[in-house]
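When we follow my numbering, the leftmost residue of the sequence shown carries the number 227, and every step to the right adds one. C-beta: ideal position from N, C-alpha, C; glycine also. Just so it is clear, the structure is predicted and the values come from calculations on it, not from any experiment. Below is one structure, written out as structure tokens; comments come after it.
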Amino acid sequence: MLSISDLVVRYPKSKENAIDHVSLTLNKGEFVCVLGKSGAGKSTFIRSINRLMQPSSGLIKWDGTELTTLSEAKMRQVRTEMVMIFQHFNLIPRMTVFQNTLTGAFGHRPSYKNLLGLFTAEEKRRGIEALEQVGLTDHADKRVEALSGGQKQRVGIARALLQSPKLILGDEPVASLDPSTSRKIFELLKKIHEERELLSIINVHDVNLAKEFATRIIAFRDGQLIFDGKPDEVDDKM
Ligand code: ADP
Ligand code: ADP
């Protein structure tokens, strides 16, 4: 489903490869956690899959389509199937939970005037449904600033759900949350993952969280893939 061959990603002016000749195939249904120390290449790996970061060489095939050479217009279409969940939530300040949920998801540009007028009744219905799934219906009309970290990430997840994703990419989605909230966010992601039979690829700092939730763990060191296996095979120092 997602097949990566000999991927190299190097930042301009850098002497080292941030991702260094990585090959692997990830399948639908797998909940993959990505481990590695800070600077190991986790974020670069995630961002090269949806081409927020342009790979230097190698191939990425998603459902048979080669992504590294796809036009930006076609890539935008592909990105509707690949949603990204960020560490810092990427919410739009001063807008409500409901506005944030709808705005990112349907690709309308944020507007502070008459915002909900932009959305069709069907989009609003789906927005409410997404907020139900993440447990935020009671907070729909609150400004996002008023939310806790865990609630903010739930808004990010609700927005992602509206795109009917096939692939969820998580770039340290719980790195700024406390352990108990992190666990709840992983529970939610896993539940959505299972209900929708997705492929999920999620960077995480905490080995224990990865071991508890992942069906497969991969780990990077200095841009190289140093582990690919089952959670119970993971060495705690990874
Ligand atoms: P991780 O997510 O595991 O912390 P990153 O993917 O952020 O790792 O970083 C991998 C490597 O790429 C590191 O050596 C880092 O310093 C380098 N790097 C990351 N972002 C940039 C950038 N914008 N410019 C140059 N080098 C970068
Ligand atoms: P925090 O602890 O930072 O407030 P949580 O992630 O624990 O954030 O919860 C965020 C919101 O989601 C809360 O309003 C809570 O009532 C709701 N919530 C928590 N767990 C669930 C769940 N399993 N199902 C539905 N809603 C939930």
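- The shortest C-alpha to C-alpha distance from E438 to any of R273, L387, P457, Q325 is the one to P457.
- Taking the CA atoms as reference points, I383 sits about 9 Å from L414.
- One thing to note: M227 has its Cβ no nearer than 8 Å to the Cβ of N276.
- Three or more Cβ pairs closer than 8 Å define a contact, and the segment 259-266 meets that threshold against the segment 443-459.
- For R320, the number of other beta carbons within 10 angstroms of its own is below 16, and it is reported as exposed.
- Excluding its 5 nearest sequence neighbours in each direction, L252 has C-beta neighbours in its own chain below 7 Å: M227, L228, V258, L425, I427, listed in chain order.
- Between S231 and F312, the alpha-carbon positions lie close to 25 Å from each other.
- At least one heavy atom of ligand 1 falls within 7 Å of the beta-carbon of N429.
- With respect to the C-alpha of D364, the residue from F324, Q389, T294, D397 having the closest C-alpha is F324.
- At least one heavy atom of ligand 1 sits closer than 7 Å to the Cβ of K268.
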